[in-house]
Amino acid sequence: MREDDLLQKLQQFWGITPEIIVPNGDDTLVLKHDSDKLLLLTVDTGLENVHFTTKILSFREIGYRICAGALSDIAAMGGIPLTILVDLEVPPYLNENNIISIYQGIKELQENYHFSIGGGNIVKGSRLRLTITVLGEVEKDYYLTRSGVKNGDYIYVTGDLGRTLMFLDSIYGLLEIDKEVLKILREKFAYPEPRINLMKELKQKYRINAAIDISDGLGLDLSRMAKMSGMDIFIEGESIPLHPEVKKLDFEKKLLLLKAIQSGEEYEVAFSSPDDISHPLVTKIGHAADGTGRIIMRLEGEDKEISQMGYDHLEELNK
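Numbering of the sequence shown is given in the numbering used here, commencing with residue 140 and proceeding in unit increments.
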């Protein structure tokens with residue numbers, strides 16, 4: 140069972156009403172709002188021992204990280220958050236201070252992005268689960284979807300990639316990394332920065348045709364954007380942005396780049412534009428051409444299809 144295949148089969152149950160502009164299948168649902176704005180609606184869940192563990196993250200960091208993941212969907216649509224709902228499942232080992240710490244992590248983002256906590260739900264359960272529902276808004280004539288990539292567009296990504304997967308690989312003994320560098324990897328894992336302000340700035344200066352947040356890995360997420368747009372995307376592997384300290388690690392460059400492609404829950408944004416964009420937080424990594432949804436990466440003189448490189452939430456159910 141693959142996540143994308145299951146979602147396609149579930150589409151028959153969703154239905155489309157007149158107020159729905161962009162249905163389920165993009166980063167957020169898009170709804171009619173008023174004469175100038177559209178509403179954005181999205182939800183994200185973090186489940187203990189699947190998306191996080193309390194052995195690695197503090198409760199404050201858990202609140203921040205899960206909320207940041209939900210806000211990243213709003214960023215990918217070019218919008219801003221208005222309010223959120225917090226649904227918390229509380230296991231027996233959690234106390235009141237732990238719960239307050241989770242909300243303190245959410246509050247950090249609230250102060251930076253000026254949304255309200257509109258309410259939510261708290262229930263007891265067997266393990267910690269945090270679900271964040273975000274209501275946002277976007278300009279009616281300039282919202283971003285996955286399906287807007289045009290022939291000849293450049294492909295860009297924000298920030299740097301790979302630190303999340305490299306941190307987890309190090310924690311679980313798959314990579315040996317210096318403690319000082321490990322702190323830098325952990326910072327990205329615990330405190331990802333939703334690119335709401337950056338995407339708002341880029342929209343004001345440049346033409347952006349399509350976007351997607353990188354939650355399941357660059358290869359897999361780009362393939363979703365390419366398929367919905369009827370394009371192939373060609374990536375220059377050497378252009379994939381790595382953190383300066385990651386570049387210094389004593390590993391083959393090819394290994395570092397493959398980690399960057401596979402790394403999920405980065406919460407950066409990949410997007411397409413016909414413009415030549417210059418920004419310190421944005422890197423051009425390739426271009427698009429008419430095609431069938433393939434993602435082709437050129438690295439060390441060889442072309443490799445990376446369309447399935449990433450994390451699929453349901454694939455392990457087949458094993």
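In this text, a Cβ means the ideal position worked out from N, Cα and C, and glycines have one as well.
Bear in mind the structure is a predicted one, so any value in this text is a computation, not a measurement.
Closest Cα partner of Lys-423 within the set Asp-429, Glu-377, Thr-431: Residue 423 sits at position 284 when you count from the first residue of the sequence shown. Taking only the C-alpha atoms, the option nearest Lys-423 is Glu-377.
Please classify Phe-410: does DSSP put it in a helix, a strand, or coil? As a first step, residue 410 must be located in the sequence shown, where it is residue number 271. Looking at Phe-410 - three-state DSSP - the assignment turns out to be strand.
Over what stretch of residues does the beta strand (DSSP E) that includes Ile-351 continue unbroken? As a first step, residue 351 is located in the sequence shown; it is residue number 212 there, counting from the start. Per DSSP, Ile-351 belongs to the beta strand (DSSP E) from 349-353.
Taking the straight line between their C-alpha atoms, what separation do you get for Lys-393 and Asp-299? Mapped onto the sequence shown, residue 393 falls at position 254. Mapped onto the sequence shown, residue 299 falls at position 160. Approximately 16 Å, taken between the alpha carbons.
DSSP on Asn-260, reduced to helix/strand/coil? Translated into positions along the sequence shown, residue 260 becomes position 121. Residue state, collapsed to three classes: strand.
I think Val-408 touches Asn-348, with their Cβ atoms under 8 Å apart; what is that distance to the nearest whole Å? The sequence position of residue 408 within the sequence shown is 269, counting from 1. The sequence position of residue 348 within the sequence shown is 209, counting from 1. Not a contact, Cβ separation roughly 13 Å.
Alpha carbon to alpha carbon, how far is Pro-230 from Met-367? Give it in angstroms, no decimals. Walking along the sequence shown from the start, residue 367 turns up at place 228. Walking along the sequence shown from the start, residue 230 turns up at place 91. Going by the C-alpha atoms only, they are around 40 Å apart.
Boundaries of the beta strand (DSSP E) in which Thr-270 is found, first to last residue: In the sequence shown, residue 270 corresponds to position 131, counting from 1. Taken as a continuous stretch (DSSP letters only), the beta strand (DSSP E) holding Thr-270 covers 268-278.
Out of Ala-214, Asp-280, Tyr-330, state which residue places its alpha-carbon closest to the alpha-carbon of Thr-303. In the sequence shown, counting from the first residue as 1, residue 303 sits at position 164. If we check each option's Cα against that of Thr-303, Tyr-330 comes out closest.
Taking the DSSP output, what are the residues bridged to Phe-254? Residue numbering aside, residue 254 sits at position 115 when the sequence shown is read from its first letter. DSSP, once it has assigned bridges, lists no residue as partnering Phe-254.
Looking only at C-alpha atoms, which of Leu-248, Gly-430, Ile-238 sits nearest to Asn-474? Residue 474 is absent from the model: the chain starts at 140 and stops at 458.
Beta-carbon proximity list for Gly-257, same chain, < 7 Å, skipping 5 on both sides: For the purposes of this step, residue 257 is taken as the residue at position 118 of the sequence shown. Hits under 7 Å: Thr-222, Ile-223, Leu-224.
Indicate the three-state DSSP secondary structure (helix, strand or coil) for Arg-199 in the structure shown. Counting from one through the sequence shown, the residue named residue 199 turns up at place 60. Arg-199 falls in the helix class under three-state DSSP.
Ile-509 - DSSP class collapsed to helix/strand/coil: Nothing in the structure corresponds to residue 509, since the chain is present only between 140 and 458.
Please list, in chain order, all residues of the same chain as Arg-266 whose beta carbon is under 6 Å from its beta carbon, the five residues on each side excluded. In the sequence shown, residue 266 corresponds to position 127, counting from 1. For Arg-266, where only same-chain residues beyond five positions count, the Cβ hits under 6 Å are Glu-187, Pro-230.
Given Thr-184, which residues of its chain have a CB within under 6 Å of its CB, disregarding the five upstream and five downstream residues? Here residue 184 corresponds to residue number 45 of the sequence shown, with the count starting at 1. Correct list, in chain order: Thr-270.
The alpha helix (DSSP H) with Lys-386 in it runs from where to where? Numbered from 1 along the sequence shown, position 247 holds the residue referred to as residue 386. That run of the alpha helix (DSSP H) goes 383-386.
Need the endpoints of the alpha helix (DSSP H) that Met-436 sits in, please. Along the sequence shown, one-based indexing puts residue 436 at 297. Here Met-436 belongs to no alpha helix (DSSP H); instead the beta strand (DSSP E) covers 434-438.
Evaluate Gln-401 with the Cβ neighbour count: other Cβ atoms within 10 Å of its Cβ, from every protein chain shown; 16 or more gives buried, anything less gives exposed. The residue you call residue 401 lines up with position 262 of the sequence shown. It is buried - the Cβ of Gln-401 has at least 16 other Cβ atoms within 10 Å.
Backbone secondary structure at Ile-379 - three-state DSSP: One-based indexing of the sequence shown puts residue 379 at position 240. DSSP places Ile-379 in coil when its eight states are reduced to three.
Using only alpha-carbon positions, find the residue among Leu-396, Lys-387, Leu-337 that is nearest to Ile-416. In the sequence shown, residue 416 corresponds to position 277, counting from 1. For the residues Leu-396, Lys-387, Leu-337, the minimum Cα distance to Ile-416 belongs to Leu-337.
Note the first and the last residue of the continuous beta strand (DSSP E) segment covering Leu-180. Locating residue 180 in the sequence shown gives position 41, counting from the first residue. Start and end: 176-186.
Which residues DSSP lists as bridging Phe-191, in chain order: In the sequence shown, the residue the question calls residue 191 occupies position 52. Answer is Glu-187, bridged to Phe-191.
Hey, is the region 303-323 in contact with the region 201-211, meaning 3+ C-beta pairs nearer than 8 Å? no
If contacts are defined as beta-carbon pairs under 8 Å, then Ile-372 and Gly-425 qualify, I think. What distance do you get, rounded to the angstrom? Taking the first residue of the sequence shown as position 1, residue 372 is located at position 233. Taking the first residue of the sequence shown as position 1, residue 425 is located at position 286. Right, their Cβ atoms sit about 6 Å apart.
Counting along the chain, where does the beta strand (DSSP E) carrying Glu-444 start and finish? For the purposes of this step, residue 444 is taken as residue 305 along the sequence shown, with counting starting at 1. Per DSSP, Glu-444 belongs to the beta strand (DSSP E) from 441-444.
How is the beta strand (DSSP E) around Ile-294 delimited, first residue to last? Within the sequence shown, numbered from 1, the residue matching residue 294 stands at position 155. Note, Ile-294: beta strand (DSSP E), 293-297.
Boundaries of the beta strand (DSSP E) in which Val-288 is found, first to last residue: Along the sequence shown, read from residue 1 onward, the residue named residue 288 stands at position 149. Neither: Val-288 is in no beta strand (DSSP E) and is coded neither H nor E.
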